[in-house]
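Top to bottom, those sequences are chains A and B. The numbering used here puts the first sequence at residues 1 to 215. The numbering used here puts the second sequence at residues 1001 to 1215. Working notes, structure below.
Number of protein chains: 2
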Amino acid sequence: MATAPSERSRVRRAPKRADYDRETIDAILDEALVAHLGFVADGQPYVIPTLHARVGDEVLIHGSAASRMVTLLGAGVPACLTVTLIDGLVLARSAFHHSMNYRSVVVLGTARFVEGPEARERALEAFTEKLLPGRWDEVRPPTRQELKGTRVLALPLTESSAKLRTGDPVDDDEDYNLDVWAGVVPLTLAPGTPQPDARLREGITPSPSLAAWGG
Amino acid sequence: MATAPSERSRVRRAPKRADYDRETIDAILDEALVAHLGFVADGQPYVIPTLHARVGDEVLIHGSAASRMVTLLGAGVPACLTVTLIDGLVLARSAFHHSMNYRSVVVLGTARFVEGPEARERALEAFTEKLLPGRWDEVRPPTRQELKGTRVLALPLTESSAKLRTGDPVDDDEDYNLDVWAGVVPLTLAPGTPQPDARLREGITPSPSLAAWGG
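Structural data, given as structure tokens:
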């Protein structure tokens, strides 16, 4: 459980659902496929979905060198990266206590550019492997030109927190007598049957990474 | 497709994936179960996952009257509400062109408090029905006290945009000859078997709303 690493990263609402352990935080960041990155431009907050990959004590994001988000973050504006995993509908006996089960992580801080083609290549490897473990070794590696046009940013996990809701609905005592079904409908991000690219050459079967993953 | 309602809500990266039609925007907001709400406090952006429900030309969120987010938003600070639906892993022939299929909406603006117990009750109905259509009529309605402790905020959809990536990977021409499987692994948020509350009274079967939904 640990304690909040800073006052501003302390979970304020429902603090009993907070968890500041890096093990918990890392597991949520690693499972989530998409992060929501917040930054401010001209006084207006923007929240942009983006791919991320945790490597050690940092979470990486990447984008075009021409992107406003990348430029601002690289210049050191304050950022907030949030991921949320949806685990279930919580159906209570009263409308008021309906909720969701979820696991989320909020990371506050300032990002730094990951510099140099080799470090950027390692980052691109992390993004590719996060989507599908084993994929990196099966595909064409990035060219010098591709690495040049990509910027990678690293946000430290020093100010991070997790928040989780799990388990049954919590109803008011008197409501447990109601004739209403209550419980949880689990939700998971489930893979379907892989759809081959329309331009896939004949005779090419799913690569080992996909087969290992259940494709 | 339409055009961006304002310069700041114009999609800057990959503008060919932008869609400013309300029909597209509404469908994405309605399908998404969780929104990420961005606001600024003491110069630091925060991105907080929260339930939302679109009603007409506004998207509603709710929270405790004691919540900092609710207090700030009700005071009229600039906000950004973003939802993202994850549709698939895009597996290209090169590491560089790996991506995700997704549908996202970004709403910029300033929220207003929804005032009065009746309007707040309608909002709570919208949240409950969004989780599970038909649920509202099966459960105990909110009490006066519950409505008093809840604040509802409405953010207009006047400055909103959608961004979508669909379909096959886009590889470089020369890469289509590579011996690499490429395609899309579809991803959907799939419901599992409903788990009855440990304190569910004997003999209570899943309510019609749950049965209708496939539970």
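The beta-carbon is built from N, C-alpha and C at its ideal position, and this holds for glycine as well.
The beta strand (DSSP E) enclosing residue i, as first and last residue numbers
i               : result
lysine 1163/B   : 1159-1165
alanine 1041/B  : 1035-1041
proline 185/A   : The sequence given here places valine at residue 185/A; proline does not occur at that position. Its beta strand (DSSP E) spans residues 183-191.
glutamate 202/A : Taken as a continuous stretch (DSSP letters only), glutamate 202/A belongs to no beta strand (DSSP E), as it is neither H nor E.
Backbone secondary structure at residue i - three-state DSSP
i                : result
histidine 1097/B : helix
serine 104/A     : strand
aspartate 1021/B : coil
arginine 10/A    : coil
aspartate 87/A   : strand
alanine 79/A     : strand
valine 1180/B    : coil
alanine 1002/B   : coil
aspartate 168/A  : coil
Whole-angstrom C-beta distance between residue j and residue i, which should lie under 8 Å
i                    : j                 : result
alanine 1004/B       : aspartate 1021/B  : Going by Cβ atoms, the distance from alanine 1004/B to aspartate 1021/B rounds to 12 Å, so no, they are not a contact pair.
valine 1070/B        : leucine 1153/B    : 7 Å
glycine 116/A        : glutamate 159/A   : 26 Å between Cβ atoms; not a contact.
leucine 85/A         : alanine 32/A      : 6 Å
proline 1169/B       : serine 1099/B     : 7 Å
arginine 1217/B      : threonine 1128/B  : Only positions 1001 to 1215 of chain B appear in the structure, and residue 1217/B is not among them; the question remains open.
histidine 36/A       : valine 1047/B     : 5 Å
phenylalanine 1113/B : glycine 1074/B    : 5 Å
valine 1090/B        : isoleucine 1028/B : Rounded, the Cβ-Cβ distance is 18 Å, inconsistent with contact.
valine 1011/B        : serine 1161/B     : 6 Å
serine 94/A          : arginine 1140/B   : 4 Å
arginine 103/A       : leucine 164/A     : 5 Å
serine 1064/B        : glycine 1149/B    : 7 Å
phenylalanine 1096/B : glutamate 146/A   : 4 Å
valine 185/A         : proline 1194/B    : 5 Å
proline 49/A         : valine 34/A       : 5 Å
arginine 54/A        : aspartate 30/A    : 6 Å
proline 196/A        : glycine 1043/B    : Incorrect: roughly 49 Å between the Cβ atoms, too far for contact.
tryptophan 1181/B    : isoleucine 204/A  : 5 Å
aspartate 87/A       : leucine 187/A     : 6 Å
Unbroken alpha helix (DSSP H) run spanning residue i, endpoints
i                : result
serine 1209/B    : 1208-1213
glutamate 174/A  : Neither: glutamate 174/A is in no alpha helix (DSSP H) and is coded neither H nor E.
threonine 1071/B : 1068-1074
Beta bridge counterpart(s) of residue i as assigned by DSSP
i                : result
arginine 151/A   : Gly63/A
proline 49/A     : His36/A
proline 1015/B   : For proline 1015/B, which the question treats as bridged, DSSP gives no partner whatsoever.
glutamate 58/A   : Val55/A and Pro156/A
glutamine 1044/B : Ala1041/B
glutamine 195/A  : Val1184/B
arginine 1140/B  : Ser94/A
Any non-hydrogen atom of the ligand MG closer than 7 Å to residue i Cβ
i              : result
glycine 1076/B : Questions concerning the ligand MG fall outside what the structure shown contains, since it holds no ligand whatsoever.
| request: Note down, one range per segment and in chain order, each beta strand (DSSP E) of at least 3 residues found wholly within the stretch 108-138 of chain A. | output: 112-114
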